[in-house]
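Sequences listed follow chains L and F, in order. Residues in the first sequence are numbered consecutively from 86, following our numbering. Residues in the second sequence are numbered consecutively from 10, following our numbering.
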Amino acid sequence: MSSAQKNLFLLLIVILLAAAPFFLHRSAEFAGADDRAEEAITQIRPDYEPWFKPVWEPPSGEVETFLFATQAAIGSGIVCYFLGYSKGKKHREQK
Amino acid sequence: MFRRTTWLTMYLLLAMAVLARPAYAMHIAEGFLPFNWAAFWFVVVLPFWFWGLRSIQQTVKSNPGLKMLLGLAGAYTFVLSALKLPSVTGSCSHPTGVGLGAILFGPAAMSILGGIVLLFQALLLAHGGLSTLGANTFSMAVVGPFVAYGLYRLVRRLGGSLPVAVFLAATLGDLMTYVTTSLQLALAFPAQPGGVLASMLKFMGIFAVTQLPLAISEGILTVIVFNLLATYNKNELQELSILDEKALAVGGRNLEVHK
């Protein structure tokens, strides 16, 4: 297997791992995790009050998704720029 | 070999689906650590931040050519910690992405890079928090990277191949982050009967199952990035003494393919 094929195969496993839960666990909500953490803590200590509030909260779920997507986009932009740059440099050095 | 791995993966996934129950596995939310514990984790993390700053300064000073690779390590953590992936438990969690940078630049540098990502998420996404920044930095940007780096060195020393070492390092670094988070929560919120241990077991039972497939995903993704680095950035990896001759032989083979 060539290196590119190997990477593609590995990527396929990652995609399967991410998609499998939808098939294995159809009825699940796939809710965000922080809320459940807060629930569990109030179960153990019903009298606990958070003593500090976030300085700013995304006004809606859509805005939050947008911001997370932006974070992922900026990060993968830099990663892909670096890999593309390296590939180009390697090519030029070989010529 | 591949077939056996596939079956093992399927078995694991099915086992997890049967065991599935509500779970959470992310950073500790704002205000959800009592003041004293929040302060305690800041004090614990402070020396690692100083160490990290010095470590990054030294790397950049002695090897300015590695700045871009340092950026890559930071960006990788940035992407992976933004990916809220569904898990077989029916809830979502995210990988950490700190394993790559820990292997490349050592664990101390990641306390800064991971800390920056956590600060960004606390300020702009209300994910994690400023009061819990110390605790979250300790689990994701200190414990995770140190476990990853230690395991990587250990596996390499025992003669394990580069992909195996990278996979185990990134996977277990990710997993240990969330084990640490459950310990932090258990210490602050001991169960009424059973105390810290009971809480810890409860949190861990939830965490391990949710995070396991995501940790495996992170391990595989990190191996892919390392494969690409071994192909295109041989010089940088040599400067960081990641690639010895044995690993270079693999990189050399990859090179043939990409000509």
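Glycine is no exception: its CB is placed at the ideal position from the N, C-alpha and C atoms. Every value quoted in this text rests on a predicted model; they were computed, and no experiment measured them.
| Item | Value |
| --- | --- |
| Quick check on this structure: which residue in 143(F), 45(F) and 133(F) has the alpha carbon closest to the alpha carbon of residue 57(F)? | 143(F) |
| Quick check on the DSSP output: the alpha helix (DSSP H) that includes residue 180(F) runs from which residue to which? | 171-197 |
| Which residues does DSSP list as the beta-bridge partners of residue 101(F)? | 95(F) |
| At which residues does the alpha helix (DSSP H) containing residue 145(L) begin and terminate? | From DSSP, residue 145(L) is part of no alpha helix (DSSP H); its letter is neither H nor E. |
| Buried or exposed for residue 178(L), going by 16 or more other Cβ atoms inside 10 Å? | exposed |
| Interface residues of chain L around residue 76(F) at Cβ under 8 Å? | By Cβ distance, chain L contributes nothing, its closest Cβ being about 11 Å from residue 76(F), past 8 Å. |
| For a contact defined as C-beta to C-beta under 8 Å, what are the partners of residue 147(L) on chain B? | Included in the structure are the protein chains L and F, with no chain B among them. |
| Can you pull the DSSP bridge partners for residue 204(F)? | 200(F) |
| Which residue wins for smallest C-alpha separation from residue 111(F), given the options 45(F), 41(F) and 150(F)? | 150(F) |
| I want to know whether the region 73-88 of chain F touches the region 101-109 of chain F - three or more CB-CB distances under 8 Å. | yes |
| For residue 238(F) and residue 198(F), what's the separation of their Cα atoms in angstroms? | 43 Å |
| Less than 8 Å between the CB atoms is what I'm expecting for residue 184(F) and residue 221(F), so what's the real figure, rounded? | 7 Å |
| Pick helix, strand or coil for residue 162(L), following the three-state DSSP scheme. | helix |
| What is the rounded straight-line gap between the Cα of residue 37(F) and the Cα of residue 187(F)? | 10 Å |
| By the three-class DSSP mapping on this structure, what secondary structure does residue 86(L) have? | coil |
| Against residue 138(L), what residues of chain F qualify as contacts under a CB-to-CB distance less than 7 Å, listed in chain order? | 39 and 40 |
| Ordered along the chain, which non-local residues of its own chain (more than five positions away) have a Cβ less than 6 Å from that of residue 61(F)? | 117, 118, 120 and 121 |
| How big is the Cα-Cα spacing for residue 40(F) and residue 94(F)? | 25 Å |
| With a threshold of 9 Å between beta-carbons, can residue 130(L) be considered close to chain F, or not? | yes |
| Using the Cα positions of residue 179(F) and residue 207(F), report the straight-line distance between them to the nearest angstrom. | 28 Å |
| Looking at the structure shown, is residue 145(F) part of a helix, part of a strand, or coil, going by DSSP? | helix |
| Applying the 10 Å Cβ sphere with the 16-neighbour rule, what's the burial state of residue 270(F)? | Any answer about residue 270(F) is impossible in this case: the structure gives chain F only from 10 up to 268. |
| How should residue 182(F) be labelled, buried or exposed, when 16 other C-beta atoms within 10 angstroms of its C-beta is the threshold for buried? | buried |
| Tell me the DSSP secondary structure of residue 216(F) in three-state form. | helix |
| Compute the Euclidean distance between the alpha carbons of residue 149(L) and residue 204(F), then round it to the nearest angstrom. | 36 Å |
| Can you give the beta carbon distance from residue 140(F) to residue 42(F), rounded, assuming they're within the 8 Å contact cut? | 7 Å |
| By the DSSP assignment, the alpha helix (DSSP H) with residue 56(F) in it spans what residues? | 44-71 |
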